[in-house]
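Visitor:
There are 2 protein chains.
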Amino acid sequence: MKKIPVIVTLKEEVSDPEGTVITHSLHSTGHTSIQSVRCGKYFELEVPEDMNQEEIEAVCRDVLSNPVIEEYRILTEEKI
Amino acid sequence: MKKIPVIVTLKEEVSDPEGTVITHSLHSTGHTSIQSVRCGKYFELEVPEDMNQEEIEAVCRDVLSNPVIEEYRILTEEKI
């Protein structure tokens, strides 16, 4: 088994109200040097060593993200 | 300005009902080779180049995560 880390984020042009609220919270608690925050989702898939990349991509595209407003990135295991 | 990617996940020993539901969804849509899914949150902080690491850690610990049940990881920019 291996773990596949996946990050799903809103596309750059899609507004992120949750991130805006967090940014305001940070500013009101004194962390004014943080310019902005964008939010996303993180998934860790436990899959067999020999699982093919196409199926992982299909899962990310069809189940874990909404391709209309989101994009996904599959990180390599060493990157987490 | 630089972007700091942060991942917040439930601690290993904390159960993840959202991940369990996604795992069941995947199995029921034919992706039976995926053993399990764990969910988490992803944040991208836009901060000044010279922002000190301590403040970033403080924000992750005190605002972005709940240290009782969650842990955070700060990725380096090159890793995304």
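Chains as they are written, first to last, in the working numbering: chain A, 1 to 80; chain B, 101 to 180. C-beta atoms are modelled at their ideal positions from N, C-alpha and C, and glycine is treated no differently. Bear in mind the structure is a predicted one, so any value in this text is a computation, not a measurement.
(1) Report yes if the C-beta of residue 8 of chain A is less than 8 Å from at least one heavy atom of the ligand SAM; otherwise report no.
(2) What distance in whole Å lies between the Cβ atoms of residue 26 of chain A and residue 159 of chain B, which are believed to be in contact at a cut-off of 8 Å?
(3) Going by DSSP in three states, residue 12 of chain A sits in which element: helix, strand or coil?
(4) Would you be able to state if there are at least three C-beta pairs under 8 Å between the region 138-149 of chain B and the region 26-39 of chain A?
(5) By the 8 Å beta-carbon criterion, what residues does the region 122-152 of chain B contribute toward chain A?
(6) Do residue 31 of chain A and residue 108 of chain B have their C-beta atoms closer together than 9 Å?
(7) Would you mind telling me which residues of chain B sit closer than 9 Å to residue 9 of chain A, beta carbon to beta carbon, in chain order?
(8) Note down, in chain order, every chain A residue with its Cβ under 7 Å from the Cβ of residue 159 of chain B.
(9) Just the Cα atoms here: how many angstroms apart are residue 23 of chain A and residue 61 of chain A?
(10) Pick out the complete beta strand (DSSP E) segments inside the region 102-150 of chain B, 3 residues or longer, and give them in chain order.
(11) Please state the DSSP three-state secondary structure of residue 69 of chain A.
Guide: If we stick to the structure as given:
(1) As presented, the structure is devoid of all ligands, the ligand SAM included, so that no description of it is given.
(2) Residue numbering aside, residue 159 of chain B sits at position 59 when the second sequence is read from its first letter. Residue numbering aside, residue 26 of chain A sits at position 26 when the first sequence is read from its first letter. That belief holds up - the Cβ atoms of residue 159 of chain B and residue 26 of chain A are roughly 6 Å apart, short of 8 Å.
(3) Residue mapping note: residue 12 of chain A aligns to position 12 of the first sequence, counting from 1. Coil.
(4) yes
(5) 122, 125, 126, 129, 131, 133, 134, 135, 136, 137, 138, 139, 140, 141, 142, 143, 144, 145, 146, 147, 148 and 151
(6) Position 31 of the first sequence holds residue 31 of chain A. Position 8 of the second sequence holds residue 108 of chain B. For residue 31 of chain A and residue 108 of chain B, no; Cβs fall outside 9 Å.
(7) Position 9 of the first sequence, counting from 1, holds the residue named residue 9 of chain A. Those within 9 Å of residue 9 of chain A in chain B are 142 and 144.
(8) On the second sequence, residue 159 of chain B is found 59 positions in, with the first residue counted as 1. Result: 26, 31 and 34.
(9) Here residue 23 of chain A is taken as the residue at index 23 of the first sequence, counted from 1. Here residue 61 of chain A is taken as the residue at index 61 of the first sequence, counted from 1. Those two C-alpha atoms are separated by around 29 Å.
(10) 102-110 and 136-147
(11) Residue mapping note: residue 69 of chain A aligns to position 69 of the first sequence, counting from 1. DSSP places residue 69 of chain A in coil when its eight states are reduced to three.
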